[in-house]
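Visitor:
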Amino acid sequence: DQQVKQNSPSLSVQEGRISILNCDYTNSMFDYFLWYKKYPAEGPTFLISISSIKDKNEDGRFTVFLNKSAKHLSLHIVPSQPGDSAVYFCAASDGSNYQLIWGAGTKLIIKP
Amino acid sequence: DAEITQSPRHKITETGRQVTLACHQTWNHNNMFWYRQDLGHGLRLIHYSYGVHDTNKGEVSDGYSVSRSNTEDLPLTLESAASSQTSVYFCASSGGTSGRAGNTGELFFGEGSRLTVL
Numbered sequence: 012d013q014q015v016k017q018n019s020p021s022l023s024v025q026e027g028r029i030s031i032l033n034c035d036y037t038n039s040m041f042d043y044f045l046w047y048k049k050y051p052a053e054g055p056t057f058l059i060s061i062s063s064i065k066d067k068n069e070d071g072r073f074t075v076f077l078n079k080s081a082k083h084l085s086l087h088i089v090p091s092q093p094g095d096s097a098v099y100f101c102a103a104s105d106g107s108n109y110q111l112i113w114g115a116g117t118k119l120i121i122k123p
Numbered sequence: 021d022a023e024i025t026q027s028p029r030h031k032i033t034e035t036g037r038q039v040t041l042a043c044h045q046t047w048n049h050n051n052m053f054w055y056r057q058d059l060g061h062g063l064r065l066i067h068y069s070y071g072v073h074d075t076n077k078g079e080v081s082d083g084y085s086v087s088r089s090n091t092e093d094l095p096l097t098l099e100s101a102a103s104s105q106t107s108v109y110f111c112a113s114s115g116g117t118s119g120r121a122g123n124t125g126e127l128f129f130g131e132g133s134r135l136t137v138l
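From first to last, the protein sequence lines stand for chains A and B. The first sequence begins at 12 in my numbering and counts up one residue at a time. The second sequence begins at 21 in my numbering and counts up one residue at a time.
#1: Please identify the residue among 85/A, 122/A and 26/A whose C-alpha is closest to the C-alpha of residue 44/A.
#2: List the residues that DSSP assigns as beta-bridge partners of residue 28/A.
#3: Would you mind reading off the limits of the beta strand (DSSP E) that contains residue 64/A?
#4: By the 8 Å beta-carbon criterion, what residues does the segment 100-122 of chain A contribute toward chain B?
#5: Does the segment 99-114 of chain A come close enough to the segment 21-31 of chain B to have 3 or more Cβ pairs within less than 8 Å?
#6: Taking C-beta pairs closer than 7 Å, name the residues in chain A that residue 127/B reaches, listed in chain order.
#7: Find the residues of chain A that neighbour residue 61/B, judging by a C-beta separation of less than 7 Å, and give them in chain order.
#8: With DSSP as the reference, identify every bridge partner of residue 88/A, one or two as the case may be.
#9: For residue 15/A, count neighbouring C-beta atoms within 10 Å of its own C-beta (all shown protein chains included) and say buried if the count is 16 or more, exposed if not.
#10: Under three-state DSSP, which class holds residue 74/B?
#11: I'd like to check one pair, residue 67/B with residue 78/B: are the Cβ atoms closer than 8 Å?
#12: Rounded to whole angstroms, what is the Cα-Cα separation between residue 176/B and residue 130/B?
#13: Taking 8 Å as the CB-CB limit, is residue 81/A close to chain B?
#14: Buried or exposed: where does residue 46/B fall if 16 or more other Cβ atoms within 10 Å of its Cβ makes it buried?
#15: Just to confirm, is the Cβ distance from residue 100/A to residue 88/A under 8 Å?
#16: Could you pull out every residue in the same chain whose Cβ sits closer than 6 Å to the Cβ of residue 118/B, ignoring the five residues on either side in sequence?
#17: For the beta strand (DSSP E) containing residue 44/B, name the first residue and the last one.
#18: Work out the CA separation of residue 64/B and residue 93/B for me, nearest whole Å.
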C-alpha cells in the first residue's frame with residue numbers, strides 16, 4: 012500500500028504558465044515533506060521542503076502548500092520554464108527513524 | 021567541491037553472480053543510503069547507515085548487504101543477483117543528526133548505477 016501517492020504520471024504545461032504538481036499521503040504521522048527534482052541520467056536533487064507546522068513554504072518560483080486535514084500537498088512553479096522539465100518526486104518522513112517514503116514521481120513537460 | 025560518486029554507472033551481470041556497487045562521498049556526511057528506483061514505485065530504501073560500523077535494513081533489503089568501514093564509503097553488495105534486482109540504484113548522503121536528513125531534509129544523491137541482471 013503506497014503511503015505517498017502522486018497520481019499524475021505526467022503533466023504538460025505551457026512555458027510561462029503555472030505548473031501544479033500534487034501529492035497525497037495516508038500516514039498522519041508524517042511531519043516533514045520534501046520535493047525533489049530529477050533529470051534523466053542524474054540523481055534527484057532537493058528542491059524544497061515543508062514542516063507539518065506550516066502550511067506554505069516559498070523559495071523563488073517554487074511554493075509548496077500543505078493541507079494536513081486533506082493529507083495533501085502541492086508544488087507550484089510560477090512561471091514555468093523549459094529547464095523545469097524533469098521528474099518531480101514527493102517524499103515524506105515521520106521522524107521516528109530515518110526513512111523517506113517516496114511517491115512514484117510526476118514527469119513535468121514544459122512546452123515552448 | 022564535495023561530491024558523491026557511484027561506480028560502475030552501468031553493469032550487466034548474470035543471475036547468481038555477486039555484484040558490488042560502490043558509493044563514495046566527500047561531504048564527510050554521517051548518514052548514507054542506498055535506494056532503488058523502479059517504474060511506478062519511486063525510490064525505495066534498501067539499506068542505510070548513520071555512521072561508521074552502523075548499518076540498518078530498509079524497506080527492500082532482502083538480497084542486499086552493506087558495510088560501513090569508514091565515513092566516505094558505503095558499498096552495496098548483491099550476494100546472488102536475481103532478475104528482480106534489475107534496477108537503477110542511487111546512493112545518497114546527508115549530514116543530519118539523529119538520522120534525520122539535516123535541518124533542510126536534504127539528501128545529496130549520486131548519479132545512479134544502472135544494473136541489468138540477465
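Glycine included, every Cβ here is placed at the ideal spot set by N, Cα and C.
Guide: Judging by the given coordinates:
#1: 85/A
#2: Paired residues: none, contrary to the question.
#3: Residue 64/A -> no beta strand (DSSP E), and no H or E assigned at all.
#4: 100, 102, 104, 106, 108, 109, 110, 111, 113, 114, 115 and 116
#5: Contact between the segment 99-114 of chain A and the segment 21-31 of chain B is absent: fewer than 3 CB-CB pairs across the two stretches fall below 8 Å.
#6: Within 7 Å Cβ-Cβ: 57.
#7: Ordered by position in chain A, the residues that pass the 7 Å Cβ test against residue 61/B are 115.
#8: In the DSSP assignment, residue 88/A forms a beta bridge with 30/A and 73/A.
#9: buried
#10: coil
#11: yes
#12: The requested residue 176/B is not part of the displayed model; chain B covers only 21 to 138.
#13: no
#14: exposed
#15: No, these two residues do not count as a Cβ contact at 8 Å.
#16: Annotation note: pLDDT 45 at residue 118/B (below 50); position unreliable, coordinate value reported separately. Excluding positions up to five away in sequence, the list is empty.
#17: 39-45
#18: 20 Å
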